[in-house]
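Residue numbers 1 to 192, in the UniProt record's numbering, belong to the letters of the sequence shown in order.
Below is one structure; the comments refer to it alone.
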Amino acid sequence: MVDVTEQTDETRARIVSTADALYYARGINAVGMDEVRTAAGVSLKRLYAEFPGKEQLVLAVLASRHRQWEDGLARTAAGLDDPRQRLLAVFDFLEEWFRDDTFRGCGFVNAFGELGATSPAVADAARAHKQSFQDHVARLAVEAGADASLGAHLALLAEGAQTTAAISGRADAAGQARKAAEVLVDAALGPR
């Protein structure tokens, strides 16, 4: 017997994944709910049962992206014992992401740019994601023996690398940001 809850979770995940791919490739405003429904292979009734409006779907996409982001950062730092290397692994994660053929910049920045002025919930989700990232990098900086302010500096480098890579189409922005981060880390902790 098929578990109805499992089916619902799978359908919901498929809708979110489909919407994410469409929104990220073409923009949120360019993709209607009917297109998401068709691409996800669900009825309009089912789509609206899961997501009563587009804003709820966008928020689910952003929540999924946030989990993917956190998982990617954790995966890249896994197995690194050196706190400095864990701190710099942020930029290794970015480089891997920038090399993905589907890379189109930060989904949170994109969503904020499209909907931030008209959707306080989307603006809040983008702000929360960015704050979470800054907090993560600040924790890594403290673990490495630096002041938390180093985390803010490195997070700004990472944000700039994302924007540069998205606009220029060059994955090497992550490597350039990593080299700048190494200078900041050495200044804060002393060179190795």
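For glycine and all other residues, C-beta sits at the position ideal for the given N, C-alpha and C.
So, with DSSP's three-state summary, where would you put N110? N110: helix per DSSP, three-state reduction.
#### Entry: Which of helix, strand or coil DSSP assigns to A174
It is helical.
**Item:** CB contact flag (A174, L94, <9 Å)
**Value:** Yes.
Item checked: Start-to-end residues for the alpha helix (DSSP H) that takes in F93 -> F93 -> alpha helix (DSSP H) spans 83-98.
*Taking DSSP as the reference, what is the three-state secondary structure of G72?*
Correct three-state label for G72: helix.
Legend entry - Coil, strand or helix - P52 by DSSP: P52: coil per DSSP, three-state reduction.
Q. Under 9 Å between the Cβ atoms of L59 and A125?
A. Yes. Within cutoff.
**Asked** Excluding sequence positions up to five away, which residues of its chain have a Cβ less than 6 Å from the Cβ of A77?
**Response** Setting aside the 5 residues that flank it on each side, A77 is surrounded in the same chain by R86, A89, each with a C-beta closer than 6 Å to its C-beta; the list follows chain order.
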